[in-house]
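Working notes, beginning with the structure itself.
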Ligand code: C5P
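Residue numbers (the working numbering): 65 to 466.
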């Protein structure tokens, strides 16, 4: 997603500038080319040298404004060079300037000299963020196609208060930048509601024992984030997981397969796309005891009942305009054939087949490798990539084969 892609990071004057060092470092480690532009106020917080060192290149300030690069004024050459612009942290002042197209510094000129998508990550004190004038400016900029936004969230602020105005976390920003590099800012899921399931379910035998699986929810979380970045309204029904829900996603935590089933049914009608990444239990103990069973009383074998196949049930109820995608986590060489059988047996539009018995893919980690299959018999092989990239490739595959 990032290899050899060109990202221009604009830093404005807020203490959150120090966290953007981490974003620049992560982008460079992922293979991106990064250039940083600091406003005068940003220079007071973090030195250009810090950013230049992390970016393995140059960091520009207003002192460079009159320089030329490749025979072009600097703001033109940087504006044309960048594939994605990120302004993080974004201050109230720079926001106001962007709304009015002001170009009284290097960063403002670069924004106007470029057509690349811009990701904005505001950071400011709660009172500042909640000012009517700032709110008004924010609404105006959000209405413009070119501008994508991240945060601000609510949390502890550097002014020792807790409230809104906290800049998005570096990893959230890095993921969003990755998405924008991948899609070039297109919002092809705008106006659509996507239902995603994630994580494993737990089927309890008694209050302290359950049947579960190693799913961490990572794949479903990245799918949900990718859909939000592409403009969708996303509902995420997820089992217990230690990961946080991506920004902008409506989360519905559940524990058991039957809770997941009920919750998915509740949100199914509004969805035009269902991505069933959850590792749902196939069986559950026949009896759920309300008290802990003494160790000596545990039987050698459990009585088990089958759990209804949720995605097959959704497929049976669907309207023609609803698209259903399942996942087949398999072991062994014949995983594609098994996935194809599931695609047909469950009545899905597409299935993502992946092996969970090879290192670097499957449960848990950040990366995955998969084969995408659809009902028309088309297939696509996805090499080992980040789960966020796999998510975008799945969405592209659905789009191309629709
Ligand atoms: O049948 P299997 O569990 O291998 O199929 C996996 C796919 O079916 C996944 O998309 C999973 O979310 C879904 N599934 C389901 N309900 C179940 C079991 C699996 O929807 N009870």
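Idealized CB from N, CA, C, for every residue including glycine.
List the endpoints of the continuous beta strand (DSSP E) containing residue i.
{"i": "residue 261", "result": "257 to 262"}
{"i": "residue 272", "result": "Where residue 272 is concerned, there is no enclosing beta strand (DSSP E), given that its DSSP letter is neither H nor E."}
{"i": "residue 433", "result": "431 to 438"}
{"i": "residue 449", "result": "443 to 450"}
{"i": "residue 213", "result": "211 to 213"}
{"i": "residue 358", "result": "Unbroken run through residue 358: none, as it is neither H nor E."}
{"i": "residue 70", "result": "70 to 75"}
{"i": "residue 219", "result": "217 to 220"}
{"i": "residue 326", "result": "Not the beta strand (DSSP E): residue 326 falls in the alpha helix (DSSP H), residues 321 to 332."}
{"i": "residue 14", "result": "Outside the modelled stretch of the chain, which goes from 65 to 466, sits residue 14, for which no answer is possible."}
{"i": "residue 299", "result": "297 to 302"}
{"i": "residue 394", "result": "387 to 394"}
{"i": "residue 418", "result": "414 to 419"}
{"i": "residue 370", "result": "368 to 370"}
{"i": "residue 227", "result": "226 to 230"}
{"i": "residue 347", "result": "347 to 349"}
{"i": "residue 185", "result": "182 to 186"}
Within a Cβ cutoff of 6 Å, which residues of the same chain sit near residue i, ignoring the five residues on either side of it in sequence?
{"i": "residue 456", "result": "246, 290"}
{"i": "residue 297", "result": "257"}
{"i": "residue 217", "result": "230"}
{"i": "residue 226", "result": "220"}
{"i": "residue 96", "result": "66, 69, 71"}
Could you spell out the range, first to last residue, of the alpha helix (DSSP H) harbouring residue i?
{"i": "residue 108", "result": "104 to 109"}
{"i": "residue 238", "result": "234 to 247"}
{"i": "residue 156", "result": "156 to 164"}
{"i": "residue 141", "result": "138 to 145"}
{"i": "residue 317", "result": "That residue, residue 317, is in no alpha helix (DSSP H); its beta strand (DSSP E) goes 313 to 317."}
So is residue i buried or exposed if we call it buried at 16+ other beta carbons inside 10 Å?
{"i": "residue 129", "result": "exposed"}
{"i": "residue 87", "result": "buried"}
{"i": "residue 85", "result": "buried"}
{"i": "residue 325", "result": "buried"}
{"i": "residue 232", "result": "buried"}
{"i": "residue 199", "result": "exposed"}
{"i": "residue 220", "result": "exposed"}
{"i": "residue 261", "result": "buried"}
{"i": "residue 99", "result": "buried"}
{"i": "residue 224", "result": "exposed"}
{"i": "residue 306", "result": "exposed"}
{"i": "residue 191", "result": "exposed"}
Counting only the same chain and skipping the five closest in sequence on each side, list residues whose C-beta sits under 7 Å from that of residue i.
{"i": "residue 292", "result": "298, 310, 312, 313"}
{"i": "residue 202", "result": "159"}
{"i": "residue 253", "result": "291, 294, 295, 296"}
{"i": "residue 427", "result": "278, 279, 280, 420"}
{"i": "residue 385", "result": "336"}
{"i": "residue 328", "result": "259, 261, 301, 374, 378"}
{"i": "residue 165", "result": "176"}
{"i": "residue 442", "result": "465"}
{"i": "residue 350", "result": "367, 368, 369"}
{"i": "residue 132", "result": "138"}
{"i": "residue 417", "result": "392, 394, 399, 400, 403, 434, 435, 437"}
Among the residues of its own chain, which have a CB less than 8 Å from the CB of residue i, if the five just before and after it don't count?
{"i": "residue 206", "result": "213"}
{"i": "residue 242", "result": "65, 66, 94, 450, 452, 453"}
{"i": "residue 354", "result": "270, 271"}
{"i": "residue 304", "result": "263, 264, 266, 317, 319"}
{"i": "residue 361", "result": "none"}
{"i": "residue 376", "result": "409, 410, 411"}
{"i": "residue 467", "result": "No statement about residue 467 is possible, as the shown extent of the chain runs from 65 to 466 and does not include it."}
{"i": "residue 346", "result": "370, 371"}
{"i": "residue 147", "result": "69, 70, 71, 180, 245, 248"}
I'd like to know whether the C-beta of residue i is nearer than 7 Å to at least one C-beta of chain B.
{"i": "residue 356", "result": "In the structure shown, chain B does not exist; there is a single protein chain."}
Any heavy atom of the ligand GTP closer than 6 Å to the beta-carbon of residue i?
{"i": "residue 423", "result": "You won't find the ligand GTP in this model; what it holds is the ligand C5P."}
Contact set, the ligand C5P heavy atom to C-beta under 5 Å:
340, 342, 344, 371, 373, 374, 375, 390, 391
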